[in-house]
Structures are given as C-alpha cells and as structure tokens.
Amino acid sequence: MKRYIVKRLGMIVILLLGLTFIVFSSLYFAPGDPAEIAAGVSATAEEVEQMRVYLGLDQPFFVQYGNYLAGLLHGDLGTSLITRQPILDELLVRLPNTLNLAVASMILACLVGIPLGIVAAIKKDTWIDNLLTTVSLFGISIPNFWLGSILIIVFCVQLKIFPTGGMSEPFWTAKGFMQVFLPSLSLGLQVAASFMRIGRSSMLDVLQSDYIRTARSKGLKERIVILIHALKNAMIPILTQMGTSFGGLLGGAMVTEQVFAINGIGSYLINAINQRNYYAVQSTVLVIAFMFVIVNLIVDLLYCVIDPRIRYD
Amino acid sequence: MEKVLDIQNLCATFSIQKKDYEVLHDISFSVNRNETVCVVGESGCGKSVTTLCVMQLLPGNGKIKSGSIYLNGTDLTKLSKKEVRKFRGKKMGMIFQEPMTALNPLLTIGYQLRENIMNHRGVNKSEANKLALEYLEKVGIANPDKRLKQYPFQLSGGLRQRILIAMVLSAQPDLLIADEPTTALDVTIQKQVLSLLNDLKKEMNAAILFITHDLGVVAEIADRVVVLYAGRKVEEGTTKQIFKNPLHPYTIGLMKAVPNVDLDEFVIQPIPGTFPNITEKIEGCRFNPRCPHANTCKKCFEEAPQMLEVEPGHYVACHLSK
Ligand SMILES: Nc1ncnc2c1ncn2[C@@H]1O[C@H](COP(=O)(O)OP(=O)(O)OP(=O)(O)O)[C@@H](O)[C@H]1O
Ligand code: SF4
Ligand SMILES: [Mg+2]
Numbered sequence: 018m019k020r021y022i023v024k025r026l027g028m029i030v031i032l033l034l035g036l037t038f039i040v041f042s043s044l045y046f047a048p049g050d051p052a053e054i055a056a057g058v059s060a061t062a063e064e065v066e067q068m069r070v071y072l073g074l075d076q077p078f079f080v081q082y083g084n085y086l087a088g089l090l091h092g093d094l095g096t097s098l099i100t101r102q103p104i105l106d107e108l109l110v111r112l113p114n115t116l117n118l119a120v121a122s123m124i125l126a127c128l129v130g131i132p133l134g135i136v137a138a139i140k141k142d143t144w145i146d147n148l149l150t151t152v153s154l155f156g157i158s159i160p161n162f163w164l165g166s167i168l169i170i171v172f173c174v175q176l177k178i179f180p181t182g183g184m185s186e187p188f189w190t191a192k193g194f195m196q197v198f199l200p201s202l203s204l205g206l207q208v209a210a211s212f213m214r215i216g217r218s219s220m221l222d223v224l225q226s227d228y229i230r231t232a233r234s235k236g237l238k239e240r241i242v243i244l245i246h247a248l249k250n251a252m253i254p255i256l257t258q259m260g261t262s263f264g265g266l267l268g269g270a271m272v273t274e275q276v277f278a279i280n281g282i283g284s285y286l287i288n289a290i291n292q293r294n295y296y297a298v299q300s301t302v303l304v305i306a307f308m309f310v311i312v313n314l315i316v317d318l319l320y321c322v323i324d325p326r327i328r329y330d
Numbered sequence: 111m112e113k114v115l116d117i118q119n120l121c122a123t124f125s126i127q128k129k130d131y132e133v134l135h136d137i138s139f140s141v142n143r144n145e146t147v148c149v150v151g152e153s154g155c156g157k158s159v160t161t162l163c164v165m166q167l168l169p170g171n172g173k174i175k176s177g178s179i180y181l182n183g184t185d186l187t188k189l190s191k192k193e194v195r196k197f198r199g200k201k202m203g204m205i206f207q208e209p210m211t212a213l214n215p216l217l218t219i220g221y222q223l224r225e226n227i228m229n230h231r232g233v234n235k236s237e238a239n240k241l242a243l244e245y246l247e248k249v250g251i252a253n254p255d256k257r258l259k260q261y262p263f264q265l266s267g268g269l270r271q272r273i274l275i276a277m278v279l280s281a282q283p284d285l286l287i288a289d290e291p292t293t294a295l296d297v298t299i300q301k302q303v304l305s306l307l308n309d310l311k312k313e314m315n316a317a318i319l320f321i322t323h324d325l326g327v328v329a330e331i332a333d334r335v336v337v338l339y340a341g342r343k344v345e346e347g348t349t350k351q352i353f354k355n356p357l358h359p360y361t362i363g364l365m366k367a368v369p370n371v372d373l374d375e376f377v378i379q380p381i382p383g384t385f386p387n388i389t390e391k392i393e394g395c396r397f398n399p400r401c402p403h404a405n406t407c408k409k410c411f412e413e414a415p416q417m418l419e420v421e422p423g424h425y426v427a428c429h430l431s432k
C-alpha cells in the first residue's frame, strides 16, 4: 500500500507541475496585456511600459515561468491587478464558502443517489425501477442555473422558507444548513442522478456475480447479502464517479454561487475573468485544479480502504 | 433408506428473448443419507441447472415449471423465498463450480467462514473462529490461522476450493451439493479433495449430490449414477451397474470417451456429433441425431422413449431396451 500511495503522490506532483505550465502559458499567450490592466485606463504608454518592467513581463517566457513557480513554492499566488491585494488572501476568504457548498452538495448527492440506485437495482424491471430511472434521466438533464432560479422563486420569494442567498455559516449549523440547502440541491441534483445510475448498474453487476450466489446459498438474509456482500463491491465504481463528479461540482459552483449570491471562488473567478484580472484567473484555476487533484487522492485512498487487492499489492 | 433429497418430475425453463425454452425435462432421482449420487453428462446438459433448482438459486431468467423437490420431506418448490432461505446453508450446502469467483473478494476468509458458522451453529464469534480453524484443518489446509486473515485473491484455486468445502461443511448440512468441485484443480489436489469428501460423508452421515463430467471421478466417489443428456435423464443405476452394464447408447458413448489409463490407451473417443442447444427442437429421442442405432428403429424419430427399470435400481430410457 505504501508503494501505491507514494506512486500516487509522485503522479500528483508531476500532474500539478504540468498544470502550472498549462495555466501559465495559456495566459501568457492569451490576447491582452496585464500591464495595461494594472496601469489603469488613463495610463500613458510610458507608464504601461514601466508597469511591464515592474511586473517582470519584459522577461523571456521561461524566466517568467520560473519566477511564477518559485512564487508558488513560497505560497505566493501573485497580486491582484485590480485590488493590489495578495490573491491567496482573497481566495482564502472565499474558499470555505465554496468548499462548504461543494461538500454539502456531495453529501446530498450521496445520500439521495446511492440508496436510490440500490433500490432501483434490487427492484429491477418493476415500476419502482422504471420510475427512478426516468426521474434520474430528468435529474441529469435539468440545468443547474435553471433549477436554482426556480428554487429561489418558489422557496425563497413565494414560500419564504429559505434565505434567498448568501453564505456565512458551515452546513452543519442550523443557519448554515438553511443557507446551503437550496444551493446544494440545485448543484447536487445532477450528481445525485449520476450516482443513482452508476449505483444501479454496478449493483446489478455485483448481484449477478458468483460470490453473491454463494452468499445466498449460505442462507444469509437478503438484507445482509445486499448491505455486506454486495454494497462494498458496488461502491468501487461509485467512488470513481465521486472523484470525477467533484470536478463537475466545482465547475457548477461557479454558476450556483452567482445564482445564490455566494461569495465563493467560483464567483471570484467569474469576476476575475470579466475584469481581465489575469493573475487572479491563473491562480484560481490552479487552486480549483488542486482541489480536484486532492479529492481524487482521497478517492484513491478510499479504494485502499475498501479493496484489499489494492491494499496488499 | 432415508431419502434426503427427492426430485420428482422436475421441468425447468429459461426464457431467452421472451421465449421459454425447456432446459430440464421430467427429471426424477433421489439421494439417500450416507450416499453419493453422481450426475454426469456433457457440458451444457443441465447438471448445474439441476443443482441450482435444488438450491432455488436459478438466474433471473430461469424458472421451475413443474415438478417437486423434496428435502427431508419438504417440497422446496412450494416455499416462499424467505422460507427457502432457512433451508440453505443449514439443510443443504453447495460448493460451486468456479472457486476463483465464488468467494467475496473484499471480505476475509475468516469473515466468510465465521458468518456461516455463527448463522447455523448458534455460536459466538470466538467459538466460530475455533470451529473455522477446525474445519480448515479438516480439509487439509496448513496454517489455518494465517488463512483466516487472508483475502481470496491471496490464495490459489485449490485452496479456495477447499475453503469453500470447509465453509459448506461447517454448517453441517444434511445434503451437500458439489458442482464439479475438482474440475478447476490439478490432479493430485483433485484426488485429495475426493477422498476428503468420501471421508466426510462417512463421518457426517450426509447425502452428497456430486456433479461431474469425468467418469474417472464417478468411479472413485459415486454410489449411484444419473446420466443426463440434453436436459433429460437417460439412465440411472448403481455405479457398478453403469460401469459393468451401460445400456443407453449415450452412456456407452461416454464410457468410450474416457481415456483408459490401464490399457495405455490415451486416445479419447469422443461421441460423434454435437450437443443440441436448448433452443433446438428434436422430435422423438433427443439423442437420435448422434445415436449409432437410430437408423434401425423408426420409433426413435417419432416418440420419446419411456423410462424402464431393466433390473432392480437400473433405469434406462431407450427404445432398444426392452
Ligand atoms: N441463464 C441462462 N440463460 C439461458 N440459458 C442458460 C442459462 N444458464 C444456462 N443455460 C443453458 O442451459 C443449459 C444447461 O446449462 P448447465 O450450466 O446446467 O450445463 P452443465 O451441464 O452444468 O455444463 P458444464 O459441464 O459446462 O458446467 C446449457 O445449454 C446452457 O447454455
Ligand atoms: S431411443 Fe433410439 S435414438 Fe434414442 S438412444 Fe435409444 S436407440 Fe438411440
Ligand atoms: Mg455446470
């Protein structure tokens, strides 16, 4: 298992390095001039030139990339061209909100999607299965921003059950729960639907396997066959789906944060793009990618926990 | 003699693309206490399906259409799913054909054994552990302590098969069903497993339903033999009757297909022709396309032969046996 983890960590380092290169060069070669933005609209050509030297933009590509990497290693994500604040500080203020939203959405997706997937598999070809499969098809195709707007109109504006937006507390507090409920519903529903579909198909696969037949031949109660013998095996593909879905959640969070007026890194990124705040875009993309990589590392470790074939390899 | 298992007129079907095809037709035989009955026949003749009918574990598209399966006098086909569950493990245990996939890959050997023992012997975890060790030793596994902590993927096919046997035996079932338990093993281990089953039968006074397509194995272990062909019973008798005096042309063909090691004659003479698919329709005797005697007898193509008792305990279904 140690070798497995070391290998994963090594791969992550390489992955992150490649990522910084892609992020850096895509902005380097993007049209537009950060020096112009930083100097402001009223700056003269000379002032822009001074700014360019100040920002180190007159240096060759690889020198700039090297400086950028060296900065990253010291935890320096650069300075916002607009606010002149360290981008890291600006992100750290917003990150908890985004994580709060993403984790709450993930939990909701698991709690709804996985059990329904299992039920659909057990009740295969009955009306329950057909109903759940149809509903999940809707769930997958409903756009996140549309669902969010509808939820706000119905539950916040008309029924006044939930606050219309904002986020200040984590989801496990009462106030935080009310704040995050609708956003995570609108963000997590698609993921829940995808979990349901994966859960159903992997459960069906497992239920046909020889070891389930063995478990039944031992006279075990069906509940034990499902929960102990089948579920663990069926969780492996679901875990993989969790890892990839997390990326989708982070992408979707940009939209959801806008709709529900949440001050997270998704809405920060959108603002940064609109203001052509080059360095902020660069660093936010990197942070989002980093979170995605970390989540997938956690998924890999969970494989180890579930599957002895990986643990002992 | 006490009949532990008594199968009467069993018919089973598989639905393939919404059409039902008969896979077992009118199968009847029984297994007594302290007796090993072998069911033999070519691949695809319905041996495994017969055992799955008994365990009530047919795959989703399979169905028992008619007939009865009595276990200790109770007709299993009349029971609900829940009631059948009470018979599995405790009254009838099954060793499956494929040892590589029959154990749960994510649970330890120990867990899978203890679970069965605690369930059927009414003991706590530490006693179950003791019994698990005892049964692993019984099936000839060295270092049972270590094995209990291991996972199936860490063990060879032979070990897994013996663990499955130990698992099934540990619940002390009245009927032991073994579906080709030795096919996946190499010859020396095969011999060990067979003598193990022989010993255990005597020791536990159990009834064994043993599936194989290997007549060498039959000679070694069986008290009585049931020969299946294309989902029908074609001959039944004591092992002696079947080997000394095989009557059905199919059984005779099977005997020829066995390489006779004693005579240094390693050439296998396969039965000519191919085995019919369950979707194929054949009028008269199902064996007629391959039977060397079929052209001498018009009836072979017109009606299915009835089962006749040609000597006490020896049954055959062939128009030529009169
Ligand atoms: N789920 C299924 N659906 C349709 N047909 C099936 C199914 N399972 C088995 N069959 C068919 O039923 C017939 C009997 O199969 P069975 O597994 O009992 O053969 P067998 O005698 O055990 O053969 P082997 O020696 O290869 O194990 C075969 O023709 C097989 O193709
Ligand atoms: S009934 Fe006819 S075809 Fe069938 S086995 Fe006997 S002789 Fe052959
Ligand atoms: Mg078989």
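As given, the protein sequences belong to chains R and G, one line each in that order.
Numbers in the working numbering are just positions in the first sequence, counted from 1, shifted up by 17.
Numbers in the working numbering are just positions in the second sequence, counted from 1, shifted up by 110.
Positions of the beta carbon are idealized from the N, C-alpha and C atoms, including for glycine.
For ASP333 of chain G, the Cβ stays outside the 7 Å cut-off from all heavy atoms of ligand 3.
Within the stretch 126 to 171 of chain R, the complete alpha helix (DSSP H) runs of at least 4 residues fall at 144 to 158, 161 to 168.
Taking C-alpha positions only, PRO283 of chain G is separated from GLY203 of chain G by approximately 6 Å. Secondary structure at MET18 of chain R: coil, using DSSP grouped into helix, strand and coil. DSSP links LYS113 of chain G through a beta bridge to G:ASN142.
Per the DSSP secondary-structure output, ILE318 of chain G pairs in a beta bridge with G:THR146, G:LEU286. The DSSP assignment places 227 to 234 as complete runs of the alpha helix (DSSP H) inside the stretch 217 to 244 of chain R, in order along the chain (cut-off: 4 residues).
For LYS19 of chain R, no CB of chain G lies under 8 Å from its own CB, so it is not counted at the interface with that chain. Distances from the alpha-carbon of GLY170 of chain G to those of G:GLN302, G:ALA122, G:PRO359 put G:ALA122 closest.
Among the residues facing chain R, ASN214 of chain G is included, as its CB has a counterpart in that chain under 8 Å away. One thing to note: CYS395 of chain G has its Cβ no nearer than 8 Å to the Cβ of ALA367 of chain G. In this structure, the alpha-carbon of ASN294 of chain R lies about 11 Å from that of ARG101 of chain R. Remark: the C-beta of ILE126 of chain G is in contact range of ligand 1, defined as less than 7 Å to any heavy atom. At least one CB of chain G lies nearer than 8 Å to the CB of LEU237 of chain R.
Per DSSP, LEU167 of chain G is not a residue of any alpha helix (DSSP H), being assigned neither H nor E. One residue list follows from the rule of a beta carbon closer than 5 Å to any heavy atom of ligand 2, given in chain order as G:PRO359, G:CYS395, G:PHE397, G:ASN398, G:CYS401, G:HIS403, G:ALA404, G:CYS410, G:PRO415, G:CYS428, G:HIS429, G:LEU430. Neighbours of PHE206 of chain G in chain R, taken as residues whose beta carbon is under 9 Å from its own, are ASP227, ARG230, THR231, SER234 in chain order. Counting of Cβ neighbours within 10 angstroms places MET308 of chain R among the buried residues, the total reaching 16 or more.
The criterion of a C-beta distance shorter than 8 Å is not satisfied by VAL141 of chain G and GLY156 of chain G.
Along the stretch 87 to 115 of chain R, none of the residues has a CB nearer than 8 Å to a CB of chain G. Straight across, the Cα-Cα distance linking ASP136 of chain G with GLY177 of chain G is about 8 Å. Around TYR261 of chain G, the beta-carbon contacts reaching into chain R at under 8 Å are PRO325, ARG326, TYR329.
Within the chosen limit of 7 Å, ligand 1 reaches the beta carbon of PRO169 of chain G through at least one heavy atom. Interface residue (Cβ-Cβ distance to chain R less than 8 Å): LYS200 of chain G is classified as such. Distance check between ILE279 of chain R and each of R:GLY182, R:THR301, R:TRP189 places R:GLY182 closest, using alpha-carbon atoms only. Along the stretch 244 to 270 of chain R, the positions whose C-beta sits under 8 Å from a C-beta of chain G are ILE245, HIS246, LYS249, ASN250, read in chain order. Looking at the DSSP output, GLN118 of chain G sits in a beta bridge with G:SER178. Within chain R, the C-beta atoms nearer than 8 Å to that of ASN229 of chain G come from LYS235, GLY236, LEU237, in chain order. In this structure SER203 of chain R is buried. Its beta-carbon is surrounded by 16 or more other beta-carbon atoms within 10 angstroms.
The nearest non-hydrogen atom of ligand 3 is 7 Å or more from the C-beta of ASP324 of chain G. In terms of side-chain proximity, the C-beta atom of GLN225 of chain R is found no nearer than 7 Å to any non-hydrogen atom of ligand 1. Residue state for GLY281 of chain R is assigned as coil, using DSSP reduced to three classes. For GLN207 of chain G, the CB falls within less than 7 Å of some heavy atom of ligand 3. For LEU243 of chain G, there is no enclosing beta strand (DSSP E); the residue is part of the alpha helix (DSSP H) that begins and ends at 235 to 248. At a cut-off of 8 Å between beta carbons, MET314 of chain G makes no contact with chain R.
Note on LEU213 of chain G: 16 or more other CB atoms within 10 angstroms of its CB, so buried under the neighbour-count rule.
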